[in-house]
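Counting in numbering that gives the first Met the number 0, the sequence shown runs from 0 upward without gaps. Note that CB positions come from ideal geometry on N, CA and C, so glycine has one too. Bear in mind that the values here come from a model prediction, so they are computed numbers and not experimental data. Below is one structure, written out as structure tokens; comments come after it.
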Amino acid sequence: MSRASARHILVSSEEQCLALKKEIESGSDFADVAKQHSSCPSSRQGGDLGTFGPGQMVPEFDKVVFNDEVGQVHGPVKTQFGYHLLEITSRS
């Protein structure tokens with residue numbers, strides 16, 4: 000079974016999500032941005048979600064985490080919780 004590790008940033012608007020993505024792409028550290036801006040409790044760990052398998056997260060996460068490029072910042076990804084930036088840190 001596939002396994003992946005990822006971290007994310009959760010915000011309420013697509014605009015804020017896009018602004019934070021630009022900030023990270025301009026050199027800001029993903030974990031620092033997550034600690035400052037993410038509304039998810041994982042923000043305390045820099046957005047780290049740990050390791051998980053398919054079906055353990057919402058379908059929108061699975062689609063990105065198990066198909067897109069590792070090490071890149073993906074998003075905005077809209078879910079029932081809001082807008083996310085996702086960084087896949089590993090996948091096997």
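Grab me the residues of G46's own chain with a C-beta within less than 6 angstroms of its C-beta, minus the 5 sequence neighbours each way, in chain order. R6, H7, I8, A33 and S37
Can you grab the Cα-Cα spacing for the pair R2 / E14, in whole Å? 31 angstroms
Contacts around S75, its chain only, beta-carbon distance under 6 angstroms, and the 5 residues preceding and following it disregarded: As written in the sequence, residue 75 is Pro, which differs from the Ser given in the question. Here the set comprises E13, C16 and Y82.
With distances taken from CA atoms, which of G49, K21 and H73 is nearest E59? H73
Classification of G24 by the beta-carbon crowding that lies within 10 angstroms, buried from 16 upward: Here residue 24 is Glu; the residue named in the question, Gly, does not match the sequence. It counts as exposed.
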